[in-house]
Amino acid sequence: MPDIAALACALPKAELHLHIEGTLEPELAFELAGRHGVTLPWPDVQALRAAYDFSDLQSFLDLYYAGADVLRTRQDFHDLTWAYLLRARADHLRHVEIFFDPQTHTARGVPMAEVIDGIHGALVRGRDELDISFRLILSFLRHLPESEALDTLAQARPFLDRIDGVGLDSSEHGHPPSKFRQVFARCRALGLPVVAHAGEEGPPAYIEEALDLLHAQRIDHGVRAIESEELLDRLARQQVPLTVCPLSNVKLKVYPDLRKHPLRDMLARGLKVTINSDDPAYFGGYVNANFTACVQALGLTQDDVVALARNSIEASWLDTVRREALLAEIDDTVRGWRGAN
Ligand code: ADE
Ligand code: ZN
């Protein structure tokens, strides 16, 4: 019996939905707390990990924003990003497009420069030392007013040479994409491509708003599209990439069990689906753990996992040369695997 999970793990892939703050493992959280003389509200690593028991998106976000308090200097942001890149390399990721939430840090008095210097510096090191290409996406917090997103964009203006796009994340209920029409129009006028979280907990109409009002090029999550035939047809026709995060959806109770996840149906409907880890330190695993769990729970086939890997490259913002090179690497890996199986 061919081991589809082993193939999925070995395939070269891109990750397109990853919050760098969500890669803060409890061990690093305690190390950074020690670095800054901060006392965390948990006695040890085990107690913190045991607190990762969420009832919904908000219950996770409360802990996630509290955890980010140990991130204070450019060295902290560098160390966080570097730790992620080492895990990305182990999972055969060849390209990453990662989010950061500047408002989580500037609201605590951490200067934007510390955040961007630390993250971007590590990404450049990862490109040079690990051959992982990257894009960096500034994400606005949707539970805050649009005026604060506009302020954040103004603060980010001196750093736009290092920012490749903008996104929208945080609490979805009651915060539709339409709330951020102006700031996204301004971003597009600056030449920044747009993505947005939509249809994670929010209704299919939020996915439509993200496409029609924000002009999002990809939808982050988008799983609730499964509730609308009309939207499914549109997403398939327009081949809108969806950055799906299966373990996240289970951990945040969007689905009670991975076996109930619509990923396979979405693939069967011809949607451009990718598999991503979202906040892997909190949700039980990085990209290969997500692939492995989906192979086991959903019975993904060889064709499914190859399509998912190819989609991750095709839905990225890579230039044509590297895109073609990575797609050729996927073909080589599949040929080698077929020869051995
Ligand atoms: N911020 C970090 N992870 C998120 C998620 N899954 N949904 C919305 N905002 C987030
Ligand atoms: Zn996310």
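Mind the numbering: the sequence shown is residues 67 to 407 in the numbering used here, read in order. Note that beta-carbon positions come from the ideal geometry of N, C-alpha and C, so glycine has one too. All values derive from a computational prediction rather than experimental measurement.
Remark: C-beta atoms of glutamate 275 and serine 244 approach each other more closely than 8 Å.
The secondary-structure analysis by DSSP pairs lysine 79 across a beta bridge with Leu159.
Around asparagine 356, the same chain offers Pro312, Leu313, Ile341, Ser343 as residues with beta carbons nearer than 6 Å, after the five sequence neighbours per side are excluded. In this chain, the beta strand (DSSP E) harbouring threonine 340 covers 338-341. The DSSP-derived three-state label of valine 353 is helix. Nearest neighbour of leucine 204 by Cα position, chosen from Ala222, Glu390, His327, Val111, turns out to be Ala222. Taking 7 Å as the cut-off, one finds at least one heavy atom of ligand 1 near enough to the beta carbon of tyrosine 130. Within the model, the alpha-carbon separation for proline 109 versus aspartate 230 is close to 39 Å. Bounds of any beta strand (DSSP E) do not take in glycine 240, whose DSSP letter is neither H nor E.
Looking at the DSSP output, serine 125 shares a beta bridge with no other residue. When C-beta atoms of the region 347-354 are compared with those of the region 381-390, fewer than three pairs fall below 8 Å, so the two segments do not count as touching. In this chain, proline 307 is not harboured by any alpha helix (DSSP H); it is covered by the beta strand (DSSP E) spanning 307-310. For serine 205, the enclosing beta strand (DSSP E) has its first and last residue at 199-207. By the Cβ rule, the region 256-263 does not count as touching the region 139-152, because fewer than three pairs are nearer than 8 Å. Taking a cut-off of 8 Å on C-beta distances, the region 198-215 touches the region 160-171, as three or more cross pairs fall below it. DSSP places valine 190 in the uninterrupted alpha helix (DSSP H) bounded by 178-196.
Aspartate 299 has its Cβ no nearer than 7 Å to any heavy atom of ligand 2. In this structure, the C-beta of glutamate 266 approaches ligand 1 to less than 7 Å from one of its heavy atoms.
Judged by beta-carbon spacing, glutamate 238 lies beyond the 8 Å limit of leucine 98, meaning their Cβ atoms are not closer than that value. At a Cβ-Cβ threshold of 8 Å, methionine 332 and isoleucine 292 count as neighbours. Between glutamine 362 and lysine 319, the alpha-carbon positions lie close to 19 Å from each other. Annotation: arginine 201 to lysine 326 spans about 32 Å, alpha carbon to alpha carbon.
Going by beta carbons, arginine 160 and leucine 393 fall outside the 8 Å limit.
Each residue's CA atom was taken as its position, placing alanine 215 and threonine 139 some 22 Å apart. Annotated three-state conformation of phenylalanine 165 is strand, per DSSP.
Under the three-state reduction of DSSP output, glycine 175 falls in the coil class, being neither helix nor strand. A direct Cα-Cα distance of roughly 44 Å separates leucine 73 from glutamine 248. Checking the DSSP bridge columns, you'll see leucine 234 partnered with Phe206. In this structure, DSSP gives aspartate 286 an extended state, which the three-state scheme calls strand. Straight-line measurement puts the Cα of glutamine 141 at about 34 Å from the Cα of glutamate 395. In chain order, Ala347 place their CB closer than 6 Å to the CB of glutamate 91, counting only its own chain and leaving out the 5 sequence neighbours on each side. Listed in chain order, the non-local C-beta contacts of valine 353 below 7 Å within the same chain comprise Lys79, Glu81, Asp157, Leu159, Ile341, Asn342, Ser343, local neighbours out to five positions each way being set aside.
At the C-beta level, alanine 134 and glutamate 180 stay beyond 8 Å of one another. In terms of side-chain proximity, the C-beta atom of histidine 263 is found nearer than 7 Å to a non-hydrogen atom of ligand 2.
With 16 or more other CB atoms across the displayed protein chains lying within 10 angstroms of its CB, alanine 375 is buried.
For histidine 85, no alpha helix (DSSP H) encloses it, and the DSSP letter there is neither H nor E.
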